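Quick note: the sequence shown uses this note's numbering, first residue 47, plus one each step.
All C-beta atoms in this analysis are idealised placements derived from N, C-alpha and C, irrespective of residue type, glycine included.
As the structure is a computational prediction, the values presented were derived from the model and not from experiment.
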Amino acid sequence: MILIIKRPFWGLVQIFPKKLLSECYTSSSCKIKLSAIKTSNIPKNLHFRPWHTTTYLHRTLRNLNNARISLYKNNSINIHRLAKRQIRFNTTIATSACSTADQEPNNDPKWLNLSFYTFNPIEDTRLGSLHQSMVKNFKDFGILGRIYISTEGINAQISCPGEKVNALRKYCDEEIPRFFGKIDERVDGGIGDFNYSTIHGDRASFLKLIVRIRNQIVVDGLKPGSYDIRKQPKHLSAEEWHHALSNTNIKPIVIDMRNHYESEVGYFEDAMRPDVDTFRDSIKAMNEICQGKHDEEIFMYCTGGIRCSKAGAILRSNGFKSVNVLRGGITAYGRFVVANPSIKSLYKGRNFTFDKRLGEPITDDIVSQCHTCGSPCNIHTNCRNKACNLLFIQCQNCRARTKHTCGNRACFEMVDTWEKMLQEKNSSDESSTIMIPINSYPTTAAAVPTSSTIPAYDDVKPGISCWYDHAHRVRPKLVIERLGGKGENLPTQSIQEILAQKISTTDE
């Protein structure tokens, strides 16, 4: 067995077999010491504090050649110079590097998917108290999801147990407003109606509850004070929006304020869809589209309405007279379409969502293609190899052929090896429960290799790292095109070098 630290993620460190070593640090002395540790056929994983940086852990691993290692009877190893952390041999927890969530039974009650936001100001001194209050109450309600709070307001996307919705409504109406600033500084009266999704189910759409304090609930990249958030645009209901776009004689300016991968699977007809990765980029694109059009009527939409509320305020602050946004976003329009089956939807395709569903259907139109084979498809997914986690569109045929990976050979082999190991484990007579560490390559213990058996870095076929930045992870066409699919030779270039090369070529 070789212990390798490779870019920490989710509080676990990867352990790779020798044939898949990549961007790793090893030392012969360290390997010799670890070889003395009792091995087994159960994969090992290294637990550490999630706030440790990559640099710190790499430096620590390089220092392990001088570390004093102790093996305890409770199957834990203490490496004393590793900040007194422990490596635990856990044989009871069943956590998979290749997600098995789709196969797990779930007895949860019915969950309602909803969102809400407000731009009412909150004083710095109250953010900590609001954070504690929301964490406590939302845990009591059994809510899962993401909630961001800042001095400019609250932004929440959650899954709530059906029987707790009334309690949540009461908390939002009575408790949260106590943390808001002065009444004359508020944008609205408080948290408005919940924005319910069109699809609910017996499973939550989020894995856990996250409540975070941020500088902004929607990051715009603008200087503080450059606009007045209280100058809100005109918020149109879904019915008003539909009527306005259906009965206009002049083609209006309709801007999709979402990211490119969101609008790829669904959009309003004739809408301008900027090729952007973040809301900051959307603001720049919006300003370019609207330049010199202060007197024209502008329509904007997004997933749930919050991005358009801020974007509309920015335009209004810059002198634009007629700015209209879709209240509740595409989510609200989807409910309108469901409630009025006789109307012709102006929106085509799916509405991308930032949860486990990765989207909900608005119409049956398929406006996008599989990133692997090019066939019509509108289903987003993440590569099953959690060390890759590429966001892309994949059809059922390619999903079956690539074992739900992006098609990269390293990702395919990682999942394939895991499945074979699990199959062998299930067919064996051993009674212990197998553990597959998150973000690790499962492998049986092997003899400590000599230097001649360790492959050179150029011979390694690395997977697509999930530690490249957001803009790279959501560009599947580029990644799949450059890194190749199953059975193809992978380039020795890193993803950063590939993208830098593409950018320089584009600039020329």
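Endpoints, alpha helix (DSSP H) assigned at residue i
i: His177; result: Asp170 to Phe187
i: Gly453; result: Segment: none, Gly453 is in no alpha helix (DSSP H) and carries neither H nor E.
i: Cys336; result: Phe325 to Cys336
i: Arg353; result: Ile352 to Ser363
i: Leu282; result: Run containing Leu282: none in the alpha helix (DSSP H); it sits in the beta strand (DSSP E), Lys280 to Leu282.
i: Ile256; result: Not the alpha helix (DSSP H): Ile256 falls in the beta strand (DSSP E), residues Leu255 to Ile259.
i: Phe225; result: No alpha helix (DSSP H) holds Phe225; DSSP gives it neither H nor E.
i: Tyr273; result: No alpha helix (DSSP H) holds Tyr273; DSSP gives it neither H nor E.
i: Thr377; result: Gly375 to Ala385
i: Ser309; result: His306 to Ser309
i: Asn295; result: First-last for Asn295: undefined, no H or E at that position.
i: Arg521; result: Careful: Arg521 lies outside any alpha helix (DSSP H) and carries neither H nor E.
i: Cys348; result: It is not in any alpha helix (DSSP H) - Cys348 carries neither H nor E in the DSSP assignment.
i: Gln442; result: Gln442 to Arg447
Residues of its chain near residue i, where Cβ-Cβ distance is below 7 Å and the 5 sequence neighbours each way are ignored
i: Phe400; result: Gln203
i: Ser179; result: Glu221
i: Leu19; result: With the chain represented from 47 up to 554, any question about residue 19 goes unanswered, as that position is not in the structure.
i: Lys394; result: Gly312, Tyr313, Glu315, Thr409, Asp411 and Val413
i: Asn397; result: Gly312, Thr349, Ile376, Thr377, Gly380, Gly405, Glu406 and Ile408
i: Ile416; result: According to the sequence shown, residue 416 is Cys rather than Ile. Result list for Cys416: Cys423, Ile439, Gln440, Cys441 and Cys444, in chain order.
i: Val264; result: Asn201, Phe325, Ile352, Arg353 and Lys356
i: Leu176; result: Ile168, Ile195 and Phe225
i: Val322; result: Asn305, His306, Ser328 and Ala331
i: Ser391; result: Val383, Ile408 and Thr409
i: His281; result: Val371 and Arg373
Cβ-based neighbour list, residue i, same chain, cut-off 8 Å, excluding 5 preceding and 5 following
i: Pro320; result: Ile301, Asp302, His306, Asp327, Ser328, Ala331, Met332 and Ile335
i: Asp505; result: Low local confidence applies: a pLDDT of 34 at Asp505 is under 50, so the model's placement there is unreliable, and no value is given.
i: Lys210; result: Phe187, Gly188 and Ile189
i: Cys354; result: Pro279, Met303, Met346, Tyr347, Cys348, Val371, Leu372 and Gly375
i: Lys254; result: Leu190
i: Val461; result: Cys144, Arg430, Asn431, Lys449, His450 and Thr451
i: Arg260; result: Tyr194, Ile195 and Ser196
i: Gln337; result: none
i: Val181; result: Leu255 and Val257
i: Trp97; result: In this prediction, Trp97 has a pLDDT of 32, which is less than 50 and means its spatial position is unreliable; nothing more can be read from the coordinates.
Residues bridged to residue i (per DSSP)
i: Glu343; result: Ser368
i: Trp157; result: Pro207 and Gly247
i: Tyr163; result: Asn201
i: Pro407; result: Arg396
i: Pro422; result: Gln415
i: Asn241; result: Ser161
i: Met318; result: Ile301
i: Gly267; result: Looking at the DSSP assignment, Gly267 forms no beta bridge with any residue, so it has no partner.
i: Leu190; result: Ser205
Extent of the continuous beta strand (DSSP E) run through residue i
i: Lys394; result: Tyr393 to Asn397
i: Phe314; result: Gly312 to Phe314
i: Asn300; result: The sequence shown places Val at residue 300, rather than the Asn named in the question. First-last of the beta strand (DSSP E) with Val300: Ile299 to Asp302.
i: Phe252; result: Note, Phe252: premise wrong, no beta strand (DSSP E); not H, not E.
i: Ile439; result: Leu437 to Ile439
Cβ-based neighbour list, residue i, same chain, cut-off 6 Å, excluding 5 preceding and 5 following
i: Thr427; result: Gln440
i: Ser421; result: Cys441
i: Pro522; result: His417, Leu436 and Phe438
i: Cys457; result: Cys429, Asn431, Cys434, Thr451 and Gly509
i: Ile360; result: Tyr273
i: Lys402; result: Ser251
i: Ala446; result: none
i: Gly199; result: Thr164, Phe165, Asn166 and Ile263
i: Phe162; result: Ala202, Ile237 and Phe240
i: Ala317; result: Val300 and Asp302
i: Phe277; result: Correcting the residue identity first, residue 277 is Lys in this sequence and not Phe. Correct list, in chain order: Ala359, Arg362 and Ser363.
i: Ile245; result: Glu406
#### Entry: Three or more C-beta pairs below 8 Å linking the stretch 277-293 and the stretch 201-219
With the cut-off at 8 Å, the stretch 277-293 and the stretch 201-219 do not touch.
### Message
I'd like the ranges of any beta strand (DSSP E) spanning at least 3 consecutive residues and lying wholly in the stretch 195-220.
### Response
Within the stretch 195-220, the complete beta strand (DSSP E) runs of at least 3 residues are 199-207.
### Query
Counting pairs of Cβ atoms below 8 Å between the stretch 167-187 and the stretch 365-373, do you hit three or more?
They do not touch, by the three-pair rule.
### Message
Does the stretch 333-353 come into contact with the stretch 417-435, if we say contact requires no fewer than three beta-carbon pairs (one atom in each stretch) closer than 8 Å?
### Response
Output reads no: the stretch 417-435 does not touch the stretch 333-353.
### Task
Examine the Cβ distances between the stretch 393-407 and the stretch 369-385 and report whether three or more of them are shorter than 8 Å.
Enough Cβ pairs lie closer than 8 Å, so yes.
### Task
Give a yes or no on contact between the stretch 181-194 and the stretch 379-390, applying the rule of three or more CB pairs nearer than 8 Å.
Pairwise C-beta distances place the stretch 181-194 out of contact with the stretch 379-390, as fewer than three of them are shorter than 8 Å.
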